[in-house]
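Under my numbering, the first residue of the sequence shown carries the number 520, and numbering increases by one thereafter. Ideal Cβ positions, reconstructed from N, Cα and C, are used throughout, including at glycine. Note that the coordinates shown come from a computational prediction; the quantities given were computed from them, not determined experimentally. Shown next, in structure tokens, is the structure this report addresses.
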Amino acid sequence: MSSVLAKLLEELTAGRLRVVDLTQPLSPQTPLLPLPPQFNNTPAFRIWELSRYDERGPAWYWNAFETGEHTGTHFDAPVHWISGKDLPDNTVDRIPPKKFVGPACVIDISSEVARNPNYLLTPERIRRWEEQHGRIPASAWVLLRTDWSKREDPKDYINLKENGPHTPGLAQESSAFLAQERDVLGVGVETVGTDAGQAATFDPPFPNHYLMHGSGKFGLAGLSNLDRLPPTGAVVVAAPLKIVGGSGSPLRVIAITP
Ligand code: MN
Numbered sequence: 520m521s522s523v524l525a526k527l528l529e530e531l532t533a534g535r536l537r538v539v540d541l542t543q544p545l546s547p548q549t550p551l552l553p554l555p556p557q558f559n560n561t562p563a564f565r566i567w568e569l570s571r572y573d574e575r576g577p578a579w580y581w582n583a584f585e586t587g588e589h590t591g592t593h594f595d596a597p598v599h600w601i602s603g604k605d606l607p608d609n610t611v612d613r614i615p616p617k618k619f620v621g622p623a624c625v626i627d628i629s630s631e632v633a634r635n636p637n638y639l640l641t642p643e644r645i646r647r648w649e650e651q652h653g654r655i656p657a658s659a660w661v662l663l664r665t666d667w668s669k670r671e672d673p674k675d676y677i678n679l680k681e682n683g684p685h686t687p688g689l690a691q692e693s694s695a696f697l698a699q700e701r702d703v704l705g706v707g708v709e710t711v712g713t714d715a716g717q718a719a720t721f722d723p724p725f726p727n728h729y730l731m732h733g734s735g736k737f738g739l740a741g742l743s744n745l746d747r748l749p750p751t752g753a754v755v756v757a758a759p760l761k762i763v764g765g766s767g768s769p770l771r772v773i774a775i776t777p
């Protein structure tokens, strides 16, 4: 075995490296992104029992489920957006698997978001983070810690008002900077989607999706436990289901962290 992998296992066994679950529970209660009613909305997660050690299957328990690709903690592939529709290897089944592992840069904007639920990450805030923690490396996941996943009531989590949802995100200059100047794998957020709640009203609409996916970058939505990660030094493992032609999928996201 390579000495690096042997060392990894030794550190995990000794507890000097920890595995942190960045995933929210997936159930029929999982909150959904509310799109304006003229658009198709995603169905809720649905699960039903096939047998439970009974006449339907005497020795086994199993379920079937159906879900939207973008329900709960999920991965966004470039083909999800019109700007990424013609890129090579843009569906979940075709993304090279080495891109499912990458270093995490965690930008903590929880105090800004506590004051303003519509806070947008600015390029100045990214530069301030880089002055403290170093340049964001290519092929990193940039994870926005907002503490939004601590909102347990789905009403508070979606934060829907008469003019749409109010949740934090990225200014479009930041999405462009991260995709083009830093060549990240993508951005991960604690909210229901990788754009801010009010992003349907931005120009272009949903700019983070437009810019990230147009540059072949990915998204992770509905993350949790980002407060358990250091600003740098953790490694994210995020491998979506191999849905042929899929635009995304629910997944289990983990981080290996000191
Ligand atoms: Mn999505």
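Beta strand (DSSP E) segment containing I775, residue limits
772 to 776 is the span of the beta strand (DSSP E), which, as asked, contains I775.
Could you spell out the range, first to last residue, of the beta strand (DSSP E) harbouring V620?
620 to 627
Return the bridge partner residues of K680 from the DSSP annotation.
G683
If contact is defined by three or more beta carbon pairs under 8 Å, each pair taking one atom from either stretch, is the region 709 to 727 in contact with the region 521 to 534?
no
Assign R747 to one of three DSSP states: helix, strand, or coil.
helix
What beta strand (DSSP E) runs, 3 residues minimum, are completely inside the region 524 to 562?
537 to 540
Does the beta carbon of G534 fall short of 7 Å from some heavy atom of the ligand ZN?
Here the bound small molecules are the ligand MN; the ligand ZN is not part of this structure.
Let's see if you can read the secondary structure: which residues bound the beta strand (DSSP E) around I655?
Going by DSSP, I655 is part of no beta strand (DSSP E) at all; its letter is neither H nor E.
When A715, D608, P656, I762 are compared against A753, the one with the closest alpha-carbon:
P656
Report yes if the C-beta of G712 is less than 7 Å from at least one heavy atom of the ligand MN; otherwise report no.
yes
Is A740 near the ligand MN, with its Cβ less than 7 Å from a heavy atom?
Indeed, a heavy atom of the ligand MN lies less than 7 Å from the Cβ.
Whole-number beta carbon distance between N637 and A719, since they are thought to touch under 8 Å:
Contact flag wrong, Cβ pair sits at about 13 Å.
Where the beta strand (DSSP E) containing G733 begins and where it ends
Note, G733: premise wrong, no beta strand (DSSP E); alpha helix (DSSP H) at 726 to 733.
Go ahead and label Q699 buried or exposed: buried means 16 or more other beta carbons lie within 10 angstroms of its beta carbon, across all protein chains shown.
Answer is exposed; the Cβ neighbour count stays below 16.
Quick one: using the 10 Å Cβ neighbour count with 16 as the cut-off for buried, is G534 buried or exposed?
The Cβ neighbour count for G534, taken over all protein chains shown within 10 Å, is under 16; the residue is labelled exposed.
Beta carbon of H732: closer than 7 Å to some heavy atom of the ligand MN?
no
Could you check where the beta strand (DSSP E) with A757 kicks off and where it finishes?
Per DSSP, the unbroken beta strand (DSSP E) holding A757 starts and ends at 754 to 757.
Let me know if L569 comes out buried or exposed under the rule of 16 or more other beta-carbons within 10 Å of its beta-carbon.
exposed
Might you give, ordered along the chain, the residues of its own chain that have their beta carbon closer than 7 Å to the beta carbon of W648, omitting 5 neighbours on each side?
I626
Using a Cβ-based criterion (distance less than 7 Å to any ligand heavy atom), does G767 qualify as near the ligand MN?
Within the cutoff, so yes.
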